[in-house]
Amino acid sequence: MPPVTPPPGAAFDPSLPYALHPQVALRPESFGALAYHFGTRRLSFLKSRTLLQVVESLADQPSGLEACRVAGVAPDELHAYEQALATLAESGMICERVA
Amino acid sequence: MSNIAPGAGTRLVDRFERGLDAPICLTWELTYACNLACVHCLSSSGRRDPGELSTDECKALIDEFERMQIFYVNIGGGEPTIRSDFWELVDYATEHHVGVKFSTNGSRITPEVATRLAASDYVDVQISLDGATAEVNDAVRGPGSFATAVTAMERLAAAGFTGFKLSVVVTRHNVGQLDDFKAIADRYQAQLRLTRLRPSGRGADVWDELHPTAAQQRQLYDWLVLRGEDVLTGDSFFHLAGYGDALPGLNLCGAGRVVCLVDPVGDVYACPFAIHDEFLAGNVRSNGGFAEVWRASDLFLELRAPQSAGACGSCGHYDACRGGCMAAKFFTGLPLDGPDPECVLGHGEHALDARGGTETPRPSPDHSSRPRTVPVALGASRTGTSREVVVTTPDHRPDRSCDEHPLAGFVPAPGTTLP
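Top to bottom, those sequences are chains A and B.
If you use the working numbering, the first sequence corresponds to residues 1 to 99, in order.
If you use the working numbering, the second sequence corresponds to residues 1001 to 1419, in order.
Structure, rendered in structure tokens:
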């Protein structure tokens, strides 16, 4: 099967609802988690346990920002986490969902 | 591959060197049987081993991979498609959330198989080709193998399978064809993957004659840097990081830390290039199964402990190349805590010279079809056709001082281009 190319520049908007892409598997690790996209066959490393929590809770939260808050991301760390989510959105690991 | 890193923290490479609970990916050689007899075969394949895992044992192993959340397995051999249960096992793996990438010489990629592969989300294919021309390829992989691989790629492309891998082992004779390989990959909408020639398996017999020269290594590095993530390398060339910028990838030896090899009889080795008792961690048929071997074998625990930089400790490039490839050192008779035989600073060459007449370790086990036959192209005529002869080589390794290897002095003639 042709690997799915993520839509170029899928911009991340923290106010929108997101979810893990259905073809992505997460494996928790001591440093955070590995994420593998079966469509693009790309591997990503989530470098903190908190980020794993954020990503896991995306589907249940009304927005990316809310998922960060619920996972306990401190305000001064918020920017870094939004960046991380933006990178995941760009590579198709997470995608916008219809609320 | 990307690192999603909020804030600073321990470098991932350091985490990986201490090992993970399960491999990131794993190579699984399904059979030692092969219809080819490539001169550099890592696993010395040819004949099936009577002790190879049964269909049920393979399925039980896949169940274990699923429990360990191993995302995908790289299936190889031998020629894995020769197993009569090959497709059954591929289906079983993907149904159990274990993705499959399999390596093949293409001989069994019929139009029907290509169509079937194109329809699957979880199966990737890697076609092996070691020359961008029939002359260069067939001298290493055997007569007709170039045409077979090209036919397989045509069929995959015709079936709409894009993004499959064209996998090339870089040698002294094909390193000048990198642009041609890229053009072939582009023609079939495939992705080019280059890997390093290791002195493993039968590769030990031909490494001296086939490994790229120092100048060629530099040329390869520059080419790879230029191409960036456009060309895959399976982290193969991290020993070249000493030239300057690291190449894309983890740039570490993942043996027993993030990768390993399961061979056709269930033996677990530290990596696909280290099929030797020295790197044997255990067997999947043992009580604790694969998981126990991965988590608790003495060998793997040792590999995950801090490694000594040894003779490389005073070198400013050690952080970049980490001393290079363990298997390459071992099979060329070099100490594991010294330079890689292809060290970019030339320390490996000095170390090789200093070995004198020391015996190098013989690869074990050996499933080569006997007698070992090595096709040698005798050069192309003006019409581009080449004569092939079959040379029978002795089973024992020729002395290093002896220059009688069938590939010694072989320089492929300028070849025909693809149709």
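Just so you know, even glycine gets a beta-carbon here, dropped at the ideal spot from N, CA and C.
Keep in mind the model is a prediction, meaning the values are calculated, not measured.
Can you tell me which of the three DSSP states Y36 (chain A) falls into?
The answer is strand: DSSP assigns Y36 (chain A) an E or B state.
Just verifying my parser: in three-state terms, what is the DSSP assignment at V1376 (chain B)?
Bear in mind that the predicted position of V1376 (chain B) carries a pLDDT of just 41, short of 50, making it too unreliable to give a figure here.
Kindly confirm or deny that the region 1027-1044 of chain B and the region 1068-1088 of chain B touch, where touching means at least three C-beta pairs closer than 8 Å.
yes
Please classify D1186 (chain B) as buried or exposed, where buried requires at least 16 neighbouring CB atoms within 10 angstroms.
Label assigned to D1186 (chain B): exposed.
Can you confirm whether P3 (chain A), when its beta carbon is compared against all beta carbons of chain B, has any partner nearer than 9 Å?
Note that P3 (chain A) scores 48 on pLDDT, short of 50, meaning its location in the model is unreliable; the coordinates nonetheless yield the value given after this. True, the Cβ-Cβ gap to chain B drops below 9 Å.
Using a C-beta cutoff of 9 Å, does I1024 (chain B) count as contacting chain A?
yes
According to DSSP, is S1167 (chain B) part of a helix, a strand, or is it coil?
strand
Listed from N- to C-terminal order along the chain, which residues in the region 30-47 of chain A have their beta-carbon within a distance smaller than 9 Å of any beta-carbon of chain D?
You won't find chain D in this structure, because its protein chains are A and B.
Is any beta-carbon of chain A found at less than 9 Å from that of G1099 (chain B)?
yes
Using a Cβ cut-off of 8 Å, pull out every chain A residue sitting near Q1069 (chain B), in sequence order please.
A25 and R27
Can you look up L26 (chain A) in the DSSP assignment and give me helix, strand or coil?
strand
Is Y1188 (chain B) close to chain A? Criterion is C-beta to C-beta, closer than 9 Å.
no
Specify the secondary structure class of L1192 (chain B) as computed by DSSP and reduced to three states.
It is a strand residue.
Using DSSP with H/G/I as helix, E/B as strand and the rest coil, what is D1319 (chain B)?
The answer is helix: DSSP assigns D1319 (chain B) an H, G or I state.
Do you know how far the Cα of G1160 (chain B) is from the Cα of D1230 (chain B)?
20 Å
Rounded to a whole number of angstroms, what is the C-alpha to C-alpha distance between V1098 (chain B) and A1255 (chain B)?
21 Å
Where does T1332 (chain B) fall in DSSP's three states?
Three-state DSSP puts T1332 (chain B) in coil, outside helix and strand.
Going by DSSP, which residues form a beta bridge with E1029 (chain B)?
Beta-bridge partners assigned by DSSP to E1029 (chain B): B:G1076.
Confirm, please, whether the CB-CB distance from D1263 (chain B) to Y1032 (chain B) is below 9 Å.
Result yes, Cβ atoms of Y1032 (chain B) and D1263 (chain B) sit closer than 9 Å.
Per DSSP, E96 (chain A) forms a beta bridge with which residues?
A:Y18
Rounded to whole angstroms, what's the CA-CA distance from L20 (chain A) to G1249 (chain B)? Just pull it up for me.
24 Å
Let's test the definition: count the other Cβ atoms within 10 Å of the Cβ of P1023 (chain B) and tell me whether it reaches 16, buried, or not, exposed.
buried
In whole angstroms, what is the alpha-carbon distance linking V1140 (chain B) and A1351 (chain B)?
27 Å
Compare the C-beta of Y1032 (chain B) against all C-beta atoms of chain A and say whether one is closer than 9 Å.
Output row for Y1032 (chain B): interface = no.
Kindly confirm or deny that the region 1139-1159 of chain B and the region 1109-1124 of chain B touch, where touching means at least three C-beta pairs closer than 8 Å.
By the C-beta criterion, the region 1139-1159 of chain B is judged to be in contact with the region 1109-1124 of chain B, since at least 3 inter-stretch pairs fall below 8 Å.
Would DSSP call T1071 (chain B) helix, strand or coil?
In the sequence as displayed, the identity of residue 1071 (chain B) is Phe instead of Thr. F1071 (chain B): coil per DSSP, three-state reduction.
Using beta carbons (cut-off 9 Å, strictly below), is R1048 (chain B) in contact with chain A?
R1048 (chain B) does not count as touching chain A.
Considering only C-alpha positions, which residue in the set A:G39, A:Y36, A:R41 and A:Q61 is nearest to P14 (chain A)?
A:Q61
Does G1007 (chain B) come within less than 9 Å of chain A when only Cβ atoms are used?
Residue placement at G1007 (chain B) is flagged as unreliable, the pLDDT there being 45, under the threshold of 50; the coordinate-derived value follows with that caveat. Yes, because at least one Cβ of chain A sits closer than 9 Å to the Cβ of G1007 (chain B).
Tell me the rounded alpha-carbon separation between I1082 (chain B) and V1284 (chain B).
Straight-line measurement puts the Cα of V1284 (chain B) at about 22 Å from the Cα of I1082 (chain B).
Rounded to a whole number of angstroms, what is the C-alpha to C-alpha distance between A10 (chain A) and E1154 (chain B)?
If you draw a straight line from the Cα of A10 (chain A) to the Cα of E1154 (chain B), it comes to about 33 Å.
I want to see whether chain A comes within less than 9 Å of Y1421 (chain B), judged by CB atoms only; does it?
With chain B represented from 1001 up to 1419, any question about residue 1421 (chain B) goes unanswered, as that position is not in the structure.
Looking only at its own chain, which residues have a Cβ that is under 7 Å from the Cβ of N1137 (chain B), when we skip the five neighbours before and after it?
L1129, D1130, G1131, S1145 and F1146
Based on DSSP bridge pairs, tell me the residues matched to S1054 (chain B).
Beta-bridge pairing links S1054 (chain B) to no other residue.
Count the other C-beta atoms from every protein chain shown that fall within 10 angstroms of the C-beta of R1257 (chain B), then say buried if there are 16 or more, exposed otherwise.
buried
For T1027 (chain B), does the count of other Cβ atoms within 10 angstroms reach 16, so buried, or fall short, so exposed?
It counts as buried.
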